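Worksheet: the structure to be examined is printed underneath.
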Amino acid sequence: MLSPDWWGIDTVASVVDLHPTVAEVVAGSYRTKTPPEIVGSGYVVQSLEAALWAFVHADDFASAVLTAVNLGNDADTTGAVCGQLAGACWGLSGIPDDLLDGLAQREEIEAAARRLMETDWSPDRPPSGSSIG
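Note that the numbering used here has the sequence shown beginning at 1482, numbered continuously upward.
So this is what it looks like as C-alpha cells:
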C-alpha cells in the first residue's frame, strides 16, 4: 500500500470484498487528503488512514509519530499504529534514544521481540505444537 508499485486495489478486491471505506484507504486516500480530512479517531479505518498519512509524510521515526499524535482526537491509537509502521521501516536504530529510555517495560518488550525473532514460525509453517495456521 505504501509503494507506488503496489499491486493495487483491483487485485485486493478480486480476492476479498472490501467495505468502501476500507477500499478507499487501500487505494491510497492517505496520499491525497490533508487535515482536517485526515482524522485520527477511534474508528479503525480512520486511525489507519491517519497513521499511513503521517508515515508517508515523514522522513524518520520521530517525525512520523509526532505528526500522527499531533492530529489530535484519538492520538494514542494513531500514534501507536504509526509507530509500528515507522518502527518496521526505520528499525530500532531509527528510534531516538530519549524515546527508548522512557519506554515503560522496555526490557519485557525487547525480550518478547527477541523470542519472536527466534521462532521458526512462517505463514506456511506455524511452530511445532501450535494450532495456528
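Glycine included, each C-beta is placed from N, C-alpha and C at the ideal position. All values reported here derive from a predicted model rather than from experimental measurement.
Cross-strand partners of residue i (DSSP beta bridge)
{"i": "S1495", "result": "Answer is none; S1495 lacks a bridge partner."}
{"i": "S1522", "result": "According to DSSP, which records beta bridges pairwise, S1522 is partnered with nothing at all."}
Proximal residues to residue i (C-beta, below 6 angstroms), its chain only, five neighbours per side dropped
{"i": "T1558", "result": "S1528"}
{"i": "D1543", "result": "A small fix is needed here, since residue 1543 is Ala in this sequence, not Asp. Same-chain partners within the cutoff: P1577."}
{"i": "L1619", "result": "What the structure shows of the chain is the stretch from 1482 to 1614, and residue 1619 is not part of that stretch, so it cannot be assessed."}
Same chain, Cβ closer than 7 angstroms to residue i, five either side skipped, listed in chain order
{"i": "E1505", "result": "none"}
{"i": "A1532", "result": "A1549, T1559, V1562, C1563, L1566"}
Collapsed DSSP secondary structure at residue i in the structure displayed
{"i": "G1614", "result": "Residue placement at G1614 is poorly supported in this model, since its pLDDT is 46, which falls under 50; the coordinates still yield a value, given next. Coil, per DSSP."}
{"i": "E1528", "result": "The sequence given here has Ser at residue 1528, not Glu. Three-state DSSP puts S1528 in a helix."}
{"i": "S1544", "result": "helix"}
{"i": "S1574", "result": "helix"}
Own chain partners of residue i with C-beta closer than 8 angstroms, once the 5 adjacent residues on each side are dropped
{"i": "F1536", "result": "L1483, A1545, A1549, C1563, L1566, A1567, C1570"}
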